[in-house]
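Trainee:
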Amino acid sequence: MDEDEKDKAKRVSRNKSEKKRRDQFNVLIKELGTMLPGITRKMDKSTILQKSIDFLCKHNEISAQSESSEIRQDWKPPFLSNEEFTQLMLEALDGFFIAIMTDGNIIYVSESVTSLLEHLPSDLQDQNLLNFLPLNEHSEVYKALSKHPSDPESLGPEYLKTKNQLEFCCHVLRGTIDPKEPAVYERVKFIGNFKSLNDGENGLAGVLQRSLQPAFDDLVCFVAHRQAG
Numbered sequence: 001m002d003e004d005e006k007d008k009a010k011r012v013s014r015n016k017s018e019k020k021r022r023d024q025f026n027v028l029i030k031e032l033g034t035m036l037p038g039i040t041r042k043m044d045k046s047t048i049l050q051k052s053i054d055f056l057c058k059h060n061e062i063s064a065q066s067e068s069s070e071i072r073q074d075w076k077p078p079f080l081s082n083e084e085f086t087q088l089m090l091e092a093l094d095g096f097f098i099a100i101m102t103d104g105n106i107i108y109v110s111e112s113v114t115s116l117l118e119h120l121p122s123d124l125q126d127q128n129l130l131n132f133l134p135l136n137e138h139s140e141v142y143k144a145l146s147k148h149p150s151d152p153e154s155l156g157p158e159y160l161k162t163k164n165q166l167e168f169c170c171h172v173l174r175g176t177i178d179p180k181e182p183a184v185y186e187r188v189k190f191i192g193n194f195k196s197l198n199d200g201e202n203g204l205a206g207v208l209q210r211s212l213q214p215a216f217d218d219l220v221c222f223v224a225h226r227q228a229g
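Residue numbers (UniProt numbering): 1 to 229.
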């Protein structure tokens, strides 16, 4: 079996596994909806997850959980690991997590990117995001990534709520086995914040393999969502 066939088999297997997992987790989404305080109306999957995220952010749970590497058990079914629970939320929102240096170099991508863009994480890591975008979008995306605070960790909370956030849309190339196939791009919305790898409280150093950690520490962490159109 040649390399192309191996890659194709790996993609097919991974897509089947992710579909099965999403089907199994649908019931867990409904259970999560019953845990939300003060909610009586019926909500769709995305609304349940968004309200869960809003609640966690409001109570500063995200930073505390990163430091302790644990998600509160009253929000997560006990038979799911932290990684499985996070993956579930990303998949249900048609999203993936990605960490990008301010020069566009990709240093981490979650596995949920495969079912959305047909890339394996290894296809994207150590590559530049601009290599997967149409040429006419390179300039705007590069400018967006470059407009970061010189020392974000030293700035006050009011500044970080606005200037430290970054949001933009672009078209990302879908993965393919056959390089002769016409290029297909998906519209993706990136929402994230500038982070520092030297900040022990954000948990990034533990997420990224030591071999992937760069010599400098300016990066942006995004949750990216595929969009229609």
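A virtual CB, placed ideally from N, CA and C, is assigned to each residue, including glycine.
Helix, strand or coil for M43? Go by DSSP, reduced to three states.
Mentor: Position 43 of the sequence shown, counted from the first residue, corresponds to residue 43. Coil at M43, not helix or strand.
Trainee: Between which two residues does the beta strand (DSSP E) containing I98 stretch?
Mentor: If you number the sequence shown from 1, residue 98 lands on position 98. Segment G95 to M101, the beta strand (DSSP E) holding I98.
Trainee: For L130 and E18, I'd like the C-alpha separation in whole angstroms.
Mentor: Counted from its first residue, the sequence shown places residue 130 at position 130. Counted from its first residue, the sequence shown places residue 18 at position 18. Cα-Cα distance, rounded: 27 Å.
Trainee: Return the Cβ separation of V184 and C169 in integer angstroms, given the expectation that the two are a contact with Cβ distance under 8 Å.
Mentor: Here residue 184 is taken as the residue at index 184 of the sequence shown, counted from 1. Here residue 169 is taken as the residue at index 169 of the sequence shown, counted from 1. Not confirmed; about 17 Å, so no contact.
Trainee: May I ask whether a heavy atom of the ligand ATP can be found less than 7 Å away from the beta carbon of N131?
Mentor: This structure lacks the ligand ATP, and indeed carries no ligand of any kind.
Trainee: Take every Cβ of the region 107-122, pair it with every Cβ of the region 18-36, and state whether three or more of those distances are shorter than 8 Å.
Mentor: Judged by Cβ distances under 8 Å, the region 107-122 makes contact with the region 18-36, as three or more pairs qualify.
Trainee: Less than 8 Å between the C-beta atoms of H171 and P134, yes or no?
Mentor: Here residue 171 refers to the residue found at position 171 of the sequence shown. Here residue 134 refers to the residue found at position 134 of the sequence shown. Result yes, Cβ atoms of H171 and P134 sit closer than 8 Å.
Trainee: Which of the three DSSP states, helix, strand or coil, is assigned to Q50?
Mentor: By one-based count along the sequence shown, residue 50 stands at place 50. Helix.
Trainee: State the DSSP-derived secondary structure class of residue 281, mapped to helix, strand or coil.
Mentor: Since the first residue shown for the chain is 1 and the last is 229, residue 281 is missing from the structure and cannot be characterised.
Trainee: With H, G and I counted as helix, E and B as strand and the rest as coil, what does DSSP make of G33?
Mentor: As a position in the sequence shown, residue 33 is number 33, starting the count at 1. In the structure shown, G33 sits in a helix (DSSP, three-state: H, G or I).
Trainee: Using the C-alpha atoms, what's the distance from C57 back to E140?
Mentor: By 1-based counting over the sequence shown, the position of residue 140 is 140. By 1-based counting over the sequence shown, the position of residue 57 is 57. Near 29 Å, if we compare the C-alpha coordinates of C57 and E140.
Trainee: Quick test of your reading: H119 and G175, contact by CB under 8 Å. State the CB separation rounded to the nearest angstrom.
Mentor: Counting from one through the sequence shown, the residue named residue 119 turns up at place 119. Counting from one through the sequence shown, the residue named residue 175 turns up at place 175. Between G175 and H119 the Cβ distance is about 4 Å, and since that is below 8 Å, they are a contact.
Trainee: How is the beta strand (DSSP E) around E167 delimited, first residue to last?
Mentor: On the sequence shown, position 167 is the one that residue 167 refers to. Where E167 is concerned, the enclosing beta strand (DSSP E) stretches over Q165 to L173.
Trainee: Tell whether a beta-carbon distance below 8 Å holds between A224 and F190.
Mentor: In the sequence shown, residue 224 corresponds to position 224, counting from 1. In the sequence shown, residue 190 corresponds to position 190, counting from 1. Against a cut-off of 8 Å, the Cβ pair of F190 and A224 comes out as a contact.
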